[in-house]
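Residue numbers (our numbering): 1104 to 1264. The structure appears below as structure tokens.
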């Protein structure tokens, strides 16, 4: 599953969505600035999730969005990539390949301020039956992005052994 925030997509949403083999989700933040026509156009390639309240960070945003998409996750057989920064189609394609060829990997990139910029969960982690439970425990609890990434690593480190 490819999860992009509205801050990520500029004029390259078509090339980004073409680079990902599984479902594609676009999280619209309240201050997105996209017109209704833009949203309608994007709705052809993405599952649109409108987050009407500012989230406390990527951890809250991801827990909410993945909680709402739980039925889709139960059928998952793909890696997960979350992006909150502009990226090219080549980056997305490389992350898709890495998520499939390294199914036990988890990679999180944080800004110097500790904001989660990207998160890739290999196929085995993204499709783990423990993932919905993990997200349910964190949903509604304020957790900083760096802590969220560390908790993911701690919870799923056994998969890389």
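All C-beta atoms, glycine included, are put in the ideal place defined by N, C-alpha and C.
Report yes or no: do three or more beta-carbon pairs, one from the segment 1123-1142 and one from the segment 1152-1166, lie closer than 8 Å? Contact between the segment 1123-1142 and the segment 1152-1166 is present, because at least three Cβ pairs lie under 8 Å.
Same chain, Cβ closer than 8 Å to residue 1137, neighbours up to 5 away in sequence not counted: Counted from its first residue, the chain shown places residue 1137 at position 34. Taken in chain order, the residues that qualify are 1109, 1131, 1145.
Local Cβ density within 10 Å of residue 1182, reported as buried at 16 or more and exposed below that: Against the chain shown, residue 1182 aligns to sequence position 79. It is buried - the Cβ of residue 1182 has at least 16 other Cβ atoms within 10 Å.
Contained beta strand (DSSP E) runs [length at least 3] in the segment 1212-1253, N- to C-terminal order: 1219-1224, all fully within the segment 1212-1253.
Please state whether the Cβ-Cβ distance between residue 1170 and residue 1218 is less than 8 Å. If you number the chain shown from 1, residue 1170 lands on position 67. If you number the chain shown from 1, residue 1218 lands on position 115. Taking C-beta atoms as the reference points, residue 1170 and residue 1218 fail to come closer than 8 Å.
May I have the straight-line CA-CA distance separating residue 1168 from residue 1152, to the nearest angstrom? The residue given as residue 1168 occupies position 65 in the chain shown. The residue given as residue 1152 occupies position 49 in the chain shown. Counting only the Cα atoms, residue 1152 lies some 7 Å from residue 1168.
CA-to-CA distance, residue 1251 to residue 1162, given in whole angstroms: Residue mapping note: residue 1162 aligns to position 59 of the chain shown, counting from 1. Residue mapping note: residue 1251 aligns to position 148 of the chain shown, counting from 1. Computed Cα separation, rounded: 6 Å.
When the Cα atoms are used, what is the spatial distance from residue 1178 to residue 1257? Along the chain shown, read from residue 1 onward, the residue named residue 1178 stands at position 75. Along the chain shown, read from residue 1 onward, the residue named residue 1257 stands at position 154. As the crow flies, the alpha-carbon of residue 1178 is around 24 Å from that of residue 1257.
With 16 other Cβ atoms within 10 Å as the buried cut-off, status of residue 1200: Mapped onto the chain shown, residue 1200 falls at position 97. Counting Cβ neighbours within 10 Å, residue 1200 comes out exposed, since fewer than 16 surround it.
Between the C-alpha atoms of residue 1225 and residue 1186, what's the straight-line distance to the nearest angstrom? Numbered from its first residue, the chain shown carries residue 1225 at position 122. Numbered from its first residue, the chain shown carries residue 1186 at position 83. Between residue 1225 and residue 1186, the C-alpha separation is close to 15 Å.
Chain-order list of residues whose beta-carbon lies under 6 Å from that of residue 1208 (same chain, five-residue window excluded): Working through the chain shown from its first residue, we reach residue 1208 at position 105. Result list for residue 1208: 1225, in chain order.
Residue 1239 and residue 1213: beta carbons closer than 8 Å? Translated into the one-based positions of the chain shown, residue 1239 becomes position 136. Translated into the one-based positions of the chain shown, residue 1213 becomes position 110. No, these two residues do not count as a Cβ contact at 8 Å.
Nearest-angstrom Cα distance between residue 1202 and residue 1245? Within the chain shown, the letter at position 99 stands for residue 1202. Within the chain shown, the letter at position 142 stands for residue 1245. Rounded to the nearest angstrom, the gap between the Cα atoms of residue 1202 and residue 1245 is 28 Å.
Residue range of the unbroken alpha helix (DSSP H) whose run includes residue 1143: As a working mapping, residue 1143 is identified with position 40 in the chain shown. Its alpha helix (DSSP H) spans residues 1139-1145.
Going by the CB atoms, is the gap between residue 1190 and residue 1111 shorter than 8 Å? Mapped onto the chain shown, residue 1111 falls at position 8. Mapped onto the chain shown, residue 1190 falls at position 87. Yes. Within cutoff.
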